Amino acid sequence: MTLAGIIIMVLSVTVVSGLFFWCVAKVLTVSDDQTDKLHGFEQETPDVEHDEK
Numbered sequence: 115m116t117l118a119g120i121i122i123m124v125l126s127v128t129v130v131s132g133l134f135f136w137c138v139a140k141v142l143t144v145s146d147d148q149t150d151k152l153h154g155f156e157q158e159t160p161d162v163e164h165d166e167k
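To convert a position in the sequence shown, counted from 1, into our numbering, add 114.
Dropping the structure here:
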């Protein structure tokens, strides 16, 4: 392998690994102001009728 090929390979592996670890860090660290923005899913399906009295 030529020197240029080794440089490109090391550079690309470094960039992809850095992006992966940045994404993992963003997922695992949630600040307090972002906890209110977390969304879940409805526990009931939309076809369930509710008896409102």
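For every residue, glycine included, the Cβ atom is placed at its ideal position computed from N, Cα and C. Just so we're clear, the structure is a prediction, and the values are computed from it rather than from any experiment.
What number of angstroms, rounded off, separates the C-alpha of residue i from the C-alpha of residue j?
i: Leu117; j: Met123; result: 10 Å
i: Gly132; j: Gly119; result: 20 Å
Just verifying my parser: in three-state terms, what is the DSSP assignment at residue i?
i: Met123; result: helix
i: Val144; result: coil
i: Thr128; result: helix
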